[in-house]
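Note that the numbering used here has the sequence shown beginning at 252, numbered continuously upward. In this text, a Cβ means the ideal position worked out from N, Cα and C, and glycines have one as well.
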Amino acid sequence: MTGYIVGTISERIAQIQVSLPASVRLIAITKQVPVEAMREAYAAGIRDFGESKVQEAEIKQKELADLPDIVWHLIGHLQMNKAQKALQCFQWIHSVDSLKLALRLDRLAPLLIQKPQICLQVKLLPDPNKYGWTPSELLADLAKLDQCQYLQIKGLMTIPPMGLSAAEVVELFEQNRQLANKIRAQNWQRLQMQELSMGMSGDFSLAIQSGATMIRLGRILFGDRQP
Ligand SMILES: *Cc1c(COP(=O)(O)O)cnc(C)c1O
């Protein structure tokens, strides 16, 4: 893979952090990563951790309870029946991928101390393996999303399908940015659109060039995951 860097977890984090613009928030994606490695990342300055499963996060949160300033991000598909648990475990949910889920989260959110921060997941190319709104579906749902009183709808998240060229990936990131700009220009009452959650180990430099504000890095920090 291109862009792979060597060294310990702390060295990799340091190397990436120095290259990031101040506007970009690095989220360490720790699915299948043991808590010892997460502690090393924490010691190297990481405070934002992302998990794809609610249950895995819950277990790790107990083991890392002595590190109270971690900000937890959910990045994987959330099932309806886990919405309540997800709100208890995560300050950010990047993977809100349907109106139904957004409305469910909004109904559950008044009980929380802090308003949940979410991104809307957009599917810019047809991809049977991915969840999310197509741009036209999302535009059609905005009026209802804007009614959500308790969710802080912060921006858009996207994951390009596998196997695209760099130029094709850039095209998708640009489309995502333009979609966020278009929504922002509509001046909704509640919808905010300042965040673009896009970019993973293989494509984060491209994402940053296209305006990413949150990048989600796993393998480049922690090495390959077990299949
Ligand atoms: C696993 C995952 C990542 C991290 O991917 P890497 O290639 O390991 O950097 C980022 N975002 C989402 C949604 C993921 O599922």
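Check: residue i C-beta below 7 Å from any heavy atom of ligand 1
i: Leu468; result: yes
i: Ser452; result: yes
i: Ser303; result: yes
i: Gly327; result: yes
Ligand 3 heavy atom lying under 7 Å from the CB of residue i
i: Met449; result: Ligand 3 is absent from the structure shown, which contains only ligand 1.
Beta-bridge pairing of residue i - partner residues as DSSP gives them
i: Gln368; result: Trp343, Gln403
i: Ile310; result: According to DSSP, Ile310 bridges with nothing at all.
i: Ile278; result: Arg467
i: Phe300; result: Ala279, Trp323
i: Trp384; result: Val373
Residues near residue i by beta carbon distance below 7 Å, same chain, minus five either side
i: Leu271; result: Leu277
i: Arg298; result: Asp320, Ile321, Val322
i: Arg428; result: Leu447, Ser461, Gly462
Residues of its chain near residue i, where Cβ-Cβ distance is below 6 Å and the 5 sequence neighbours each way are ignored
i: Asp348; result: Gln372, Tyr382, Gly383
i: Pro411; result: Val420, Leu423
Sequence-distant residues of its chain with Cβ nearer than 8 Å to residue i (five each side left out)
i: Val275; result: Ile459, Ala463, Thr464, Met465, Ile466
i: Leu354; result: Lys395, Cys399
i: His345; result: Gly301, His324, Leu325, Ile326, Ile369, Cys370, Gln372, Met408, Ser448, Met465, Arg467
i: Met252; result: Because Met252 sits at a pLDDT of 44, beneath the cut-off of 50, its placement in the model cannot be relied upon, and the following sentence gives the value as read from the coordinates. So the qualifying residues of the chain are Ser452, Gly453, Arg470.
- Message: Whether or not the stretch 469-476 and the stretch 425-442 are in contact is what I'm after, with contact meaning three or more pairs of Cβ atoms, one per stretch, closer than 8 Å; do they touch?
- Response: no
- Message: Does the contact criterion of 3 or more C-beta pairs under 8 Å hold for the stretch 373-380 versus the stretch 338-347?
- Response: no
- Query: Is it a yes or a no for the stretch 310-319 touching the stretch 279-290, going by three-plus beta-carbon pairs under 8 Å?
  - Reply: yes
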